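Q:
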Amino acid sequence: MEAEPAPELKTARELLLRAHRVCVLTGAGMSAESGIPTFRDAQTGLWARFNPMQLASPEGFRANPSLVWDWYASRREAMRAVQPNAGHLALARFAHEHPGRLSIVTQNVDDLHQRAGSVDVIRLHGDIMQNSWLDPCPRDPACDTDRATPTRPPRCADCGNPVRPGVVWFGEMLPVAALSAAEQLAQSCDLMLVVGTSGAVYPAAGLAHLARRSGAQVLIVNPEPSEIDDQAHLLLRGTAARLLPLLFNPN
């Protein structure tokens, strides 16, 4: 006979059942379960001796573009080698079976949500698999980064503008459209589910505050305490890969 779920999980299922609009905010902990190290954990071996500002800022890139390009190349290779975990799959399955009820906002720059089958994922910190120009391209339409020179980093064959990873670096603003869409979801949802984030990085962490102020129930799934636990109506201590399948697909 199947064991009764823990009281907190049972309450979480009831919150989900009642919610017409669910906004899920995912952080680095969710990707870490698939084998993608967090930003600072990725600084191992050769990379451990570098300051994060050297590897993830416009200034660091301009100072040593080949160094930064090589680091991101190693991160991309590591990300391609892993697969979505049970948490990613549970979210994608629920969204497919309940169209229009669940939206995902992620702080992660990998494509694990998409590979699991989730669509229209809002990416607050960009996409590591995509490239962009370091400086705005003066042409209209802009030059294609795929046609850049095969150097480290690639450069525009006409003006020499270097290619950079399509992620948000230290000191840069989040994409306006992505942040605006995420804030709208936080304001309009009935349930805000925060998964695998420390709650230390703003403005992403502020979405939980916004959702609660707007009347949503806030549920946090994390194995360790986070800096926004005080915003939660309910806390589930555990990992995304273990708890999300139990929450979204209990049968």
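Okay, so the sequence shown: first residue is 959 according to the working numbering, each after it adds one. Each residue gets a CB set at the ideal place from its N, CA and C atoms; glycine is no exception. Quick caveat: nothing in here was measured; it's all calculated off a predicted structure.
Give me, in chain order, the residues of the same chain whose beta-carbon lies closer than 7 Å to that of residue 1181; leave out the 5 immediate sequence neighbours on both sides.
A: 1195, 1196 and 1197
Q: Please give the ranges of any beta strand (DSSP E) in the region 1081 to 1131, keeping only runs that are unbroken, at least 3 residues long and fully inside the region.
A: 1084 to 1091 and 1121 to 1125
Q: Does residue 1197 come out as helix, strand or coil in the three-state DSSP assignment?
A: coil
Q: Measure the C-alpha to C-alpha separation of residue 967 and residue 1102 and round it to an integer number of angstroms.
A: Roughly 48 Å separates the two Cα atoms.
Q: Does the Cβ of residue 1117 have 16 or more other Cβ atoms within 10 Å, making it buried, or fewer, making it exposed?
A: exposed
Q: Could you pull the start and end residues of the beta strand (DSSP E) that residue 1176 belongs to?
A: Its beta strand (DSSP E) spans residues 1175 to 1179.
Q: Hey, is the region 1125 to 1135 in contact with the region 1099 to 1113, meaning 3+ C-beta pairs nearer than 8 Å?
A: By the Cβ rule, the region 1125 to 1135 does not count as touching the region 1099 to 1113, because fewer than three pairs are nearer than 8 Å.
Q: Which residues does DSSP pair with residue 1037 in a beta bridge?
A: Note: residue 1037 sits in no beta bridge, so no partner.
Q: Closest to residue 1162 by CA distance: which of 1084, 1044, 1054 and 1060 is it?
A: 1084
Q: Counting along the chain, where does the alpha helix (DSSP H) carrying residue 1134 start and finish?
A: 1134 to 1146
Q: Kindly indicate the opening and closing residues of the beta strand (DSSP E) around residue 1155.
A: Looking at the DSSP string, residue 1155 is not in any beta strand (DSSP E), and its letter there is neither H nor E.
Q: Residues in its own chain within less than 7 Å of residue 1123 by CB, not counting five upstream and five downstream?
A: 1030, 1086 and 1089.
Q: If we call anything under 9 Å between Cβ atoms a contact, is residue 1165 one with residue 1144?
A: yes
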